[in-house]
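Engineer:
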Amino acid sequence: VVDNQVDLESVDGIEKSSFIVTASNDRTASVWDIVTGEAVVTVRHDLELNSAVFDASGMMIATASQDGTAKVWDVTSGEQLTSVRHGNSVYSAVFDSSGALLMTASDDKTASAWDVASGMKLVTAK
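When we follow my numbering, the leftmost residue of the sequence shown carries the number 1, and every step to the right adds one.
(1) Please return the same chain residues whose Cβ sits closer than 6 Å to the Cβ of Lys121, not counting the five positions on each side in sequence.
(2) Going by other Cβ atoms of all chains shown within 10 Å of its Cβ, with 16 needed for buried, is Lys71 buried or exposed?
(3) Going along the chain, which residues of its own chain have a beta-carbon closer than 8 Å to the beta-carbon of Arg128, five neighbours each way excluded?
(4) Which whole-angstrom value describes the C-beta separation of Tyr91 and Ala100, a residue pair presumed to lie in contact below a C-beta threshold of 8 Å?
(5) For the beta strand (DSSP E) that contains Arg44, what are its first and last residues?
(6) In terms of residues, what are the limits of the beta strand (DSSP E) holding Glu79?
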């Protein structure tokens, strides 16, 4: 059991793994070891988080925030790898199956695809 003292906004897990990631309204996302119940890494945004997800490999997480950004983080170190910006809150961010692309949906009424390595926007749908 993960003992989190704040409201959770989302949870994601990886098949055959003992780790989950949660997004909270305290501006953090945490990767938890569900065997021990301990947070192994916690990352922070400027405003509340709306979602957090793993990539298929389980080596990265993407977070989406009311601060207008989606960020990609290294699961082991908590290092920020990429940050992309919308004109308003980002409600969701998901990886493609390879982990090379990040797709985001925002309150600015757009959905965008981004290159994870460079943070470059590839396409936007309005």
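Heads up, the beta-carbon is just placed ideally off N, CA and C, and yes, glycines get one too. Predicted model only: the values in this text are computed from it and were never measured.
Structural biologist: With the structure as the only source:
(1) Ser112 and Trp114.
(2) The C-beta of Lys71 has 16 or more other C-beta atoms within 10 Å across all chains shown, which makes the residue buried.
(3) Given that the chain is displayed from residue 1 to residue 126, the structure contains no residue 128 and the question cannot be resolved.
(4) Not confirmed; about 22 Å, so no contact.
(5) Residues Glu38 to Arg44.
(6) Counting along the chain, Glu79 falls outside any beta strand (DSSP E), and DSSP gives it neither H nor E.
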